[in-house]
Amino acid sequence: MEPVESRGEVGAPVLVTGGTGTLGRQVVRRLLERGRAVRVLSRRPRPADDREPYEWTTGDLEKGSGIEEAVAGAAVIVHCATAAGRGDVAATRRLADAARRSGGRPHLVHVSIVGVDRVPLPYYRAKLEAERVVEESGLPWTVLRATQFHDLIAGTVDAQRRLPVAVAFAGVRFQPVDAAEVADRLVELAAGEPAGRVPDMGGPQVRDHAELTRTTLRARGRRRPVLPLRLPGKIFRGYRAGGHLAPGREVGRVTYDEYLAARTGAGR
Numbered sequence: 062m063e064p065v066e067s068r069g070e071v072g073a074p075v076l077v078t079g080g081t082g083t084l085g086r087q088v089v090r091r092l093l094e095r096g097r098a099v100r101v102l103s104r105r106p107r108p109a110d111d112r113e114p115y116e117w118t119t120g121d122l123e124k125g126s127g128i129e130e131a132v133a134g135a136a137v138i139v140h141c142a143t144a145a146g147r148g149d150v151a152a153t154r155r156l157a158d159a160a161r162r163s164g165g166r167p168h169l170v171h172v173s174i175v176g177v178d179r180v181p182l183p184y185y186r187a188k189l190e191a192e193r194v195v196e197e198s199g200l201p202w203t204v205l206r207a208t209q210f211h212d213l214i215a216g217t218v219d220a221q222r223r224l225p226v227a228v229a230f231a232g233v234r235f236q237p238v239d240a241a242e243v244a245d246r247l248v249e250l251a252a253g254e255p256a257g258r259v260p261d262m263g264g265p266q267v268r269d270h271a272e273l274t275r276t277t278l279r280a281r282g283r284r285r286p287v288l289p290l291r292l293p294g295k296i297f298r299g300y301r302a303g304g305h306l307a308p309g310r311e312v313g314r315v316t317y318d319e320y321l322a323a324r325t326g327a328g329r
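Counting in the working numbering, the sequence shown runs from 62 upward without gaps.
As structure tokens, then:
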């Protein structure tokens, strides 16, 4: 199959679902920098002060509204939107069905999570099923799995700001990756041939969760003890076994400390 940009579709829009989220915003920015026409799908109306040079479509993948209009004429769909639980499966199926009905056979690029087939977290199981929806959609497709974003690790610490201690998962390591670097990879994949399941993408370091929590607290200027908790059950056994890590795929370059320093420097 020919690459998207060699099929005369450069002027056709790239639809980005979840285009206002942590990852989606980065994907949209990079597509625009490359001169691509971009269409954003969001559940919210376009802000009155938004002057960015993209199309905006309002729709809801979970409710099924506005999807047909969003996919119409799209050459590529970068699916960054996510939902809780099985809502993610239904949303992905609605998107794929609408894209197939559009008649244009757009390239569906889907981002997932490393370990969805190894850690029995219900959210991961839904992500794995959403992958299968993409694979069986009848559309040209690419799936990229990435490790946890820096933002997620920091967010779990920030969410505990009012507690007397910060809780971490004992015996669990994470391999956080920068969302901007994942966006770069997704844009690269969107410009190329549908590739099926591509190699996983992990951050440059594997670090203990308690250590990451202490690092975050120091960067935030907070003095608080860290309490590592060893939680029971299959889910946390999967995490302790490293099922969510990507050994040999440390392709990200931005470290967690560099991420925190940049955020602190920006006044966060």
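By construction, the Cβ of each residue, glycine as well, lies at the ideal position given by its N, Cα and C atoms.
Treat the numbers as computed from the prediction; the structure is a model and nothing was measured.
Scanning Ala244, Leu292 and Val99 for the CA closest to the CA of Leu205 turns up Ala244. In this structure, DSSP gives Pro181 a state outside helix and strand, which the three-state scheme calls coil. Bridge partners of His140 according to DSSP: Thr78 and His171. Proximity of the segment 191 to 207 to the segment 244 to 253 meets the contact definition, three or more beta-carbon pairs being nearer than 8 Å. Pairing Thr325 with Ala251 gives a Cβ-Cβ distance that is not under 7 Å. DSSP places Gly216 in the helix class (H, G or I) of the three-state scheme.
Around the beta carbon of Asp239, a 10 Å sphere encloses 16 or more other beta carbons of the protein chains shown; the residue is thus reported as buried. The beta carbons of Leu102 and Gly85 sit no closer together than 7 Å. Straight across, the Cα-Cα distance linking Gly134 with Ser163 is about 8 Å. The beta carbon of Asp269 sits closer than 6 Å to those of Arg234, all from its chain and outside the five residues before and after it, given in chain order. Val77 is the residue among Pro108, Val77 and Ala109 whose C-alpha sits nearest the C-alpha of Leu122.
Beyond the five residues adjoining it in sequence on each side, Asp212 comes within less than 7 Å, by CB distance, of Thr83 and Ala240 in the same chain, given in chain order.
About 5 Å separates the beta carbon of Val226 from that of Leu288, a gap short enough to meet the 8 Å contact definition. In the structure shown, Thr83 falls within a helical segment according to DSSP collapsed to helix, strand and coil. Scanning the segment 86 to 132 from its first residue to its last, the whole alpha helix (DSSP H) runs of 4-plus residues come out as 128 to 132.
Within the same chain, Ala280 come within 6 Å of Leu321 by CB-CB distance, once the 5 residues on both sides are set aside. With fewer than 16 other beta carbons inside 10 angstroms of its own, Leu224 counts as exposed. Burial of Arg97 is indicated by the presence of at least 16 other C-beta atoms within 10 angstroms of its C-beta.
For the pair Gln266 and Thr217, the CB atoms are not nearer than the 7 Å cut-off. One thing to note: Val132 has its Cβ no nearer than 7 Å to the Cβ of Ala191. Annotated three-state conformation of Thr276 is helix, per DSSP.
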